[in-house]
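I have placed the structure first, in the form of structure tokens, so that the comments after it can refer back to it.
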Amino acid sequence: MNISGAKNAAVAILPATILAGGVCVLENVPQINDVTIDLQILRHMGADVRLLDKSTIRIDTKHIKNTAIPYELARHIRASYYFLGVLLSKFNHAKVSMPGGCDLGDRPIDQHIKCFKSLGAEYSIEHGMVEITADKLIGTQIYFDKVTVGATINALLAAVKADGLTILENAAKEPHIVDLANFLNSMGADIMGAGTDVIKIRGAKTFRGTDYTIIPDQIEAGTYMVAAAATKGDVTIKNVIPKHLEPITSKLRKVGAKVIEDDDSVRVIGAQEYERTNIKTMPHPGFPTDMQPQFAALLTLARGTSILTEGIFDNRFRYVDELRRMGADISVDGKVAVIEGVERLTGAPVKAADLRAGAALIIAGLSAQGVTNIEEIQHIERGYEEMEVKLRAIGADIVKRTVAEVGAIAKVV
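The numbering used here applies: residue 989 is where the sequence shown begins, and numbers increase by one.
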């Protein structure tokens, strides 16, 4: 099984091509709905976007002049707010609808606004649109009140052309932030320290087009690793960076799965029984919040009581009711879920509440007895490329069926 390019890197790098004012060729771009929407936004703004092959895209942004992105495009994805930083950097003006995406609780953009204001911009929010304007951006020192991936990325995008030096403190350290910084540097930016909690950006005036390959998706890889464990399978997952997977690998080994690492692949061998464990999601390099629902599906089958503590989002346990329909024994109190292992799950009709919740339900359905019908899989397709195709290729009995014009049902046996 081959892993696609990283969703969270792609949705930041695609807007960043605007800074090139020329041609960028991106390889290992995932075919997912969030990427499709980003490309629609770029075309709306005047970019020439061409698909060279399944995962390679040529983007020419030299004719972009439109600095406003309408609600109908931006409302579908959270990452639409990256256009704020890019357009502010390029044109000193941006007007973008408040972002959409999965409902994971309160996710304000106050830290993004703080960055823009610190660099010298003014902002307003009217009729659901965020408008940012600056006469000139000037480098400064910015301390994040909390570790935030989105604001760290937007600060990078906004500061790369600002006059002087910008220092970001308490910055997020996720692999896709490093990937974005590497991409920006390949275009002419001067960024040091990405992947640490202090990032230094010295403003550059001239940017150029570039060819760049996006890193593999650690969350897609982690999802299939957990799926292999939950089904007691034996799966080799290729095109990965094993170091990015260490928090997931560590927990899989702790509950009893066998994980064998190679240079660019991992092999997961499931166990006949799994042991309980406790997990608390934290910013990188801690256990990723985007893997919490998938691991919960595995822990429903572990012996004993496991405790999941959500340290990032307020509303990440909406999948629990659906797992209960399949026979899981889970109780939730605020940001803590207590999972009592059960002997087996049984198939049931369920709904995907968000992207990672949908992945968790697929894992549960693969390991359950009987048929599981999962509705509203448009959430899953936001972040997983041809998930049912990849799973069928390693032995899963899974079929996607289109229902009317609004969704689909995945049947998992």
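Even for Gly, the Cβ is constructed at its ideal location relative to N, Cα and C.
A quick note: this is a predicted structure, and the numbers were derived from the prediction, not measured.
Decide if residue i is buried, meaning its Cβ has at least 16 other Cβ atoms within 10 Å, or exposed.
i	result
threonine 1390	exposed
aspartate 1048	buried
proline 1096	exposed
arginine 1332	exposed
valine 1135	buried
aspartate 1094	Per-residue confidence for aspartate 1094 stands at a pLDDT of 43, beneath the threshold of 50, marking its modelled position as unreliable; no derived number is given.
serine 1068	buried
isoleucine 1248	exposed
serine 1085	buried
aspartate 1302	exposed
arginine 1038	exposed
aspartate 1167	buried
Is it the case that the Cβ atoms of residue i and residue j are separated by a distance below 8 angstroms?
i	j	result
valine 1074	leucine 1027	no
arginine 1264	threonine 1293	yes
alanine 1082	threonine 1055	yes
isoleucine 1165	lysine 1188	no
alanine 1035	isoleucine 1203	no
leucine 1289	serine 1238	no
alanine 1348	proline 1281	yes
threonine 1360	glycine 1335	yes
glycine 1244	glycine 1221	no
arginine 1031	leucine 1040	no
For residue i, which of helix, strand or coil comes out of DSSP?
i	result
tyrosine 1111	strand
arginine 1370	coil
valine 1247	strand
leucine 1040	strand
valine 1256	strand
alanine 1356	coil
arginine 1241	helix
isoleucine 1165	helix
arginine 1196	coil
Please list, in chain order, all residues of the same chain as residue i whose beta carbon is under 7 angstroms from its beta carbon, the five residues on each side excluded.
i	result
isoleucine 1236	Gly1210, Met1213 and Met1279
asparagine 1158	Tyr1131, Phe1132, Val1135 and Asp1185
lysine 1242	Thr1265
valine 1320	Phe1305 and Val1308
Going by the DSSP bridge assignment, what does residue i pair with across the sheet?
i	result
cysteine 1012	Ile1047
glutamine 1129	Ile1155
alanine 1325	Leu1296 and Val1320
valine 1118	Val1084 and Ile1113
valine 1186	Glu1157
glutamate 1263	Arg1291
proline 1204	Gly993
methionine 1180	Lys1188
Please return the same chain residues whose Cβ sits closer than 8 angstroms to the Cβ of residue i, not counting the five positions on each side in sequence.
i	result
lysine 1226	Met989, Asn990, Ile991, Asp1252 and Ser1253
Can you give me the Cβ contacts of residue i inside the same chain, cut-off strictly under 6 angstroms, excluding the 5 residues immediately before and after it?
i	result
cysteine 1090	Model confidence at cysteine 1090 stands at a pLDDT of 48, short of 50, so the residue's coordinates are unreliable; what they give is reported in the following sentence. So the list reads Asp1342 and Leu1343, once near-sequence residues are dropped.
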